[in-house]
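Colleague:
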Amino acid sequence: MKNQDGAESEAGIWAAGGLVADLISASSLGSLQRDSLAGTLSGSDLSEPRSHVHVPWIRLSGPRDVTMHPITVQCKEAKILVTVRRDLFGTGRLIKATDLSLGPASCKPTSSGAGETVTFEVGLHECGSILQMTQDLLTYSTHLSYKPKPSDSQVIVRSNPAVVPIHCTYPRTGNVSSKAIKPTWAPFSSTISTEERLAFTLRLMNDDWSAERTSTVFYLGEELHIEASVNAGDHIPMTILVDNCVATVSPDKDSNPRYNIVDFYGCLVDGKQEDSFSAFRSPRMQSEKIQFTVDAFRFAGDTKSLIYITCSLRAVAIDQAPDPLHKACSFSKVNSVWFPVEGPRNICSCCDIENCGNPEDLTRRLRPFFPVPRRVGRAAPSAS
Numbered sequence: 001m002k003n004q005d006g007a008e009s010e011a012g013i014w015a016a017g018g019l020v021a022d023l024i025s026a027s028s029l030g031s032l033q034r035d036s037l038a039g040t041l042s043g044s045d046l047s048e049p050r051s052h053v054h055v056p057w058i059r060l061s062g063p064r065d066v067t068m069h070p071i072t073v074q075c076k077e078a079k080i081l082v083t084v085r086r087d088l089f090g091t092g093r094l095i096k097a098t099d100l101s102l103g104p105a106s107c108k109p110t111s112s113g114a115g116e117t118v119t120f121e122v123g124l125h126e127c128g129s130i131l132q133m134t135q136d137l138l139t140y141s142t143h144l145s146y147k148p149k150p151s152d153s154q155v156i157v158r159s160n161p162a163v164v165p166i167h168c169t170y171p172r173t174g175n176v177s178s179k180a181i182k183p184t185w186a187p188f189s190s191t192i193s194t195e196e197r198l199a200f201t202l203r204l205m206n207d208d209w210s211a212e213r214t215s216t217v218f219y220l221g222e223e224l225h226i227e228a229s230v231n232a233g234d235h236i237p238m239t240i241l242v243d244n245c246v247a248t249v250s251p252d253k254d255s256n257p258r259y260n261i262v263d264f265y266g267c268l269v270d271g272k273q274e275d276s277f278s279a280f281r282s283p284r285m286q287s288e289k290i291q292f293t294v295d296a297f298r299f300a301g302d303t304k305s306l307i308y309i310t311c312s313l314r315a316v317a318i319d320q321a322p323d324p325l326h327k328a329c330s331f332s333k334v335n336s337v338w339f340p341v342e343g344p345r346n347i348c349s350c351c352d353i354e355n356c357g358n359p360e361d362l363t364r365r366l367r368p369f370f371p372v373p374r375r376v377g378r379a380a381p382s383a384s
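Take 1 as the starting number for the sequence shown in full-length UniProt numbering and just add one per residue.
1. Beta-carbon within less than 6 angstroms of Ser112's beta-carbon, same chain only, minus the 5 sequence neighbours each way: which residues are those?
2. If you run the structure through DSSP and keep just helix, strand and coil, what is Ala279?
3. Evaluate the contact criterion for the segment 229 to 247 versus the segment 208 to 215: three or more CB pairs, one atom per stretch, below 8 angstroms.
4. Taking all protein chains shown into account, decide if Leu306 is buried (16 or more other Cβ within 10 angstroms of its Cβ) or exposed.
5. Could you check whether Val246 and Asn256 sit closer than 8 angstroms to each other, using their CB atoms as the reference points?
6. Taking the continuous alpha helix (DSSP H) assigned at Ile307, which residues delimit it?
7. Confirm the yes/no value for this check: CB of Cys351, any heavy atom of the ligand FAD, distance under 7 angstroms.
8. Buried or exposed for Pro171, please, with buried defined as at least 16 other CB atoms from any protein chain shown within 10 angstroms of its CB.
9. Between Ser145, Leu224, Phe200, which has its C-alpha nearest Val294's C-alpha?
10. Could you please give me the residues that DSSP links to Trp209 through a beta bridge?
11. Report all residues from its chain with a CB closer than 8 angstroms to the CB of Ser177; omit the five preceding and five following residues, and keep chain order.
12. By DSSP, does Arg203 sit in helix, in strand, or in coil?
13. If we ignore side chains and look at the alpha-carbon of each, how far apart do Glu227 and Phe280 end up?
14. Out of curiosity, what's the CA-to-CA distance linking Lys333 and Asn231?
15. Classify Asn358 as helix, strand or coil using the three-state DSSP reduction.
16. In chain order, what residues of the same chain lie with their CB nearer than 7 angstroms to the CB of Pro109, ignoring the 5 residues before and after it?
17. Distance, Cα to Cα, Ala105 vs Val337?
18. Quick check: the Cα distance between Gly266 and Arg86, rounded to an integer number of angstroms?
19. Can you give the Cα-Cα distance for Lys149 and Gly92, rounded to whole angstroms?
20. Could you check which residue in Arg203, Leu88, Cys311 has the C-alpha nearest to that of Lys147?
21. Counting C-beta neighbours from all protein chains within 10 Å, is the total for residue 427 16 or more, i.e. buried, or is it exposed?
22. Buried or exposed for Asp326, please, with buried defined as at least 16 other CB atoms from any protein chain shown within 10 angstroms of its CB.
23. According to DSSP, simplified to helix, strand and coil, what is Asn256?
24. Assuming Thr80 contacts Cys168 under a Cβ cut-off of 8 angstroms, what Cβ separation, rounded to an integer in Å, is found between them?
25. Terminal residues of the continuous beta strand (DSSP E) containing Cys75?
26. At which residues does the beta strand (DSSP E) containing Asp295 begin and terminate?
27. Using alpha carbons as the reference points, say which of Val73, Cys75, Ala296 lies closest to Gly221.
28. Within the same chain, show all residues whose beta-carbon is closer than 8 angstroms to that of Asn355, passing over the 5 residues directly before and after it, in chain order.
29. What residue range does the beta strand (DSSP E) around Cys351 cover?
30. What residue from Ile318, Ser145, Val84, Val341 has the CA that sits closest to Arg284's CA?
31. So the beta strand (DSSP E) Ser85 belongs to, where does it begin and stop?
32. Please report the straight-line C-alpha distance between Asp302 and Leu241, rounded to a whole angstrom.
33. In or out: Ile318 buried (at least 16 other Cβ within 10 Å) or exposed?
34. Give the straight-line distance between the Cα atoms of Gln291 and Thr139, rounded to the nearest whole angstrom.
35. Tell me the DSSP secondary structure of Ile226 in three-state form.
36. To which residues does DSSP link Ser330 through a beta bridge?
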């Protein structure tokens, strides 16, 4: 979409790892960090503000390994202490300390030797650790990597590689020293909301929708709980719609392979697949929020199992009547029929024919985005 200066505007949520699908070895456990920065979208002369919102990183895995990992993590004031037993998999076979590393920077152990444990002691910001901030918490995230290498003159290994994510969480209402402070800063997206701007967000939620999910690791067979929202600020009350969502293996939403999750102005087409129960949550809890579930999947042949999901969001006046261009439709396998979150059922009939209208109708049929005079403006230059 173009803003008032004619520039293209595209908002995104970027995670320091993202909404990724990465197939982890069966010997690894845990979850990756997620860090979000809500995107914003400038108002324009179009009838409806819209935004492409990007949820990077989801990490997917095969069946859970329920074996307890012999790894101890101590989160200190300014350091992380990781102790690893060399019998990492509980098989009696001791791994080599040189096959272990910590973080994206692949830091080597600070102590090892011929004993049964290997130790890493690093600063919170060292070894490529990632800082995630929520309203109440600071989370430093890194990972322990085990990459077995063949012995001299050998071409085989006797164990699989493993990645174990590590998190250290601290209260955000104080720092890590003895002098407590109470920060007064607010997230960037909440401080720039004005009459000329909206803030769109797309978040992964926990299973009961009560809070944002802190992990972006999903196992095949689990559900992704996704929430889209808009902060209208000083605007009139708004309703948010999800026009489309596409999954890719790279951040480029137009890259291939690609898979449409939502299409045709609000048809959750993934839910029509034989092995899927994806659906919008109904009824809608708040007009400025919409929630939906997607069954976890990965791209066939993609060894990384890394998935990026990009959604196009649109905000409309709260009194906009549902129609084929303003809808949220899910497919019921029980009745083999589409049904809407709001409005009559026939507004979803276009999902089957995969044609729900012309996007030009969005600017031709609807009233202006600003229905009341703006409160701020610039005086016209005086005549010379």
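All residues carry an ideal CB built from backbone N, CA and C; glycine is no exception. It should be emphasised that the depicted structure is a prediction, and the values quoted were computed from it without experimental measurement.
Modeller: Looking at the coordinates:
1. Sequence index remark: in the sequence shown, residue 112 carries index 112 (1-based). Only Ala97, Val118 meet the Cβ criterion.
2. For the purposes of this step, residue 279 is taken as residue 279 along the sequence shown, with counting starting at 1. The answer is strand: DSSP assigns Ala279 an E or B state.
3. no
4. Sequence index remark: in the sequence shown, residue 306 carries index 306 (1-based). Per the 10 Å Cβ criterion, buried.
5. By 1-based counting over the sequence shown, the position of residue 256 is 256. By 1-based counting over the sequence shown, the position of residue 246 is 246. No, they are not a contact pair.
6. On the sequence shown, residue 307 is found 307 positions in, with the first residue counted as 1. Premise fails: Ile307 lies in the beta strand (DSSP E), 306 to 317, not in any alpha helix (DSSP H).
7. In the structure on display, the ligand FAD does not appear, and there are no ligands present to speak of.
8. Along the sequence shown, read from residue 1 onward, the residue named residue 171 stands at position 171. Exposed: under 16 other Cβ atoms inside 10 Å.
9. Here residue 294 is taken as the residue at index 294 of the sequence shown, counted from 1. Ranking the options by Cα distance to Val294, first place goes to Leu224.
10. Translated into the one-based positions of the sequence shown, residue 209 becomes position 209. DSSP lists no partner for Trp209.
11. As a working mapping, residue 177 is identified with position 177 in the sequence shown. Only weak support is given to the placement of Ser177: the predicted model assigns it a pLDDT of 45, under 50, and the question is left unresolved by the model.
12. Here residue 203 refers to the residue found at position 203 of the sequence shown. The answer is strand: DSSP assigns Arg203 an E or B state.
13. Within the sequence shown, the letter at position 227 stands for residue 227. Within the sequence shown, the letter at position 280 stands for residue 280. Each residue's Cα considered, the two are about 10 angstroms apart.
14. Looking up residue 333 in the sequence shown gives position 333. Looking up residue 231 in the sequence shown gives position 231. Lys333 and Asn231: Cα-Cα distance of roughly 34 angstroms.
15. Taking the first residue of the sequence shown as 1, we reach residue 358 at position 358. Note: Asn358 maps to coil in three-state DSSP.
16. Within the sequence shown, residue 109 is the residue found at index 109, counting from 1. Within the same chain, Pro109 has close Cβ partners Ala97, Leu100, Val118, Thr119, Phe120.
17. For the purposes of this step, residue 105 is taken as the residue at position 105 of the sequence shown. For the purposes of this step, residue 337 is taken as the residue at position 337 of the sequence shown. Approximately 51 angstroms between the Cα atoms of the pair.
18. Along the sequence shown, one-based indexing puts residue 266 at 266. Along the sequence shown, one-based indexing puts residue 86 at 86. Whole-angstrom Cα-Cα distance: 52 angstroms.
19. Along the sequence shown, one-based indexing puts residue 149 at 149. Along the sequence shown, one-based indexing puts residue 92 at 92. Roughly 18 angstroms between the two C-alpha positions.
20. For the purposes of this step, residue 147 is taken as the residue at position 147 of the sequence shown. The residue with the shortest Cα to Cα distance from Lys147 is Leu88.
21. Residue 427 lies beyond the range of the chain shown here (1 to 384); nothing can be said about it.
22. As a working note, residue 326 is residue 326 in the sequence shown. As written in the sequence, residue 326 is His, which differs from the Asp given in the question. By the 10 Å Cβ count, His326 comes out buried.
23. Numbered from its first residue, the sequence shown carries residue 256 at position 256. Looking at Asn256 - three-state DSSP - the assignment turns out to be coil, as it is neither helix nor strand.
24. In the sequence shown, counting from the first residue as 1, residue 80 sits at position 80. In the sequence shown, counting from the first residue as 1, residue 168 sits at position 168. In the sequence as presented, Thr is not what sits at residue 80; that position holds Ile. About 6 angstroms separates the two Cβ atoms, so the contact holds.
25. To locate residue 75, count along the sequence shown from 1; it is residue 75. From DSSP, the beta strand (DSSP E) with Cys75 extends over 71 to 75.
26. In the sequence shown, counting from the first residue as 1, residue 295 sits at position 295. Run containing Asp295: 289 to 295, per the beta strand (DSSP E) assignment.
27. Stepping through the sequence shown from its first residue, residue 221 is reached at position 221. Checking every option, the nearest Cα to that of Gly221 belongs to Ala296.
28. On the sequence shown, position 355 is the one that residue 355 refers to. So the qualifying residues of the chain are Phe264.
29. As a working note, residue 351 is residue 351 in the sequence shown. Looking at the DSSP string, Cys351 is not in any beta strand (DSSP E); the run it does join, the alpha helix (DSSP H), is 350 to 353.
30. Translated into positions along the sequence shown, residue 284 becomes position 284. It is Val341 whose Cα lies nearest to the Cα of Arg284.
31. As a working note, residue 85 is residue 85 in the sequence shown. For the record, residue 85 in the displayed sequence is Arg; it is not Ser. Arg85 -> beta strand (DSSP E) spans 79 to 85.
32. Taking the sequence shown and counting its residues from 1, the one referred to as residue 302 is at position 302. Taking the sequence shown and counting its residues from 1, the one referred to as residue 241 is at position 241. Each residue's Cα considered, the two are about 31 angstroms apart.
33. Taking the sequence shown and counting its residues from 1, the one referred to as residue 318 is at position 318. By the 10 Å Cβ count, Ile318 comes out exposed.
34. The count along the sequence shown starts at 1 and reaches residue 291 at position 291. The count along the sequence shown starts at 1 and reaches residue 139 at position 139. Rounded to the nearest angstrom, the two C-alpha atoms are 26 angstroms apart.
35. On the sequence shown, position 226 is the one that residue 226 refers to. The answer is strand: DSSP assigns Ile226 an E or B state.
36. For the purposes of this step, residue 330 is taken as residue 330 along the sequence shown, with counting starting at 1. Ser330 pairs with Phe339.
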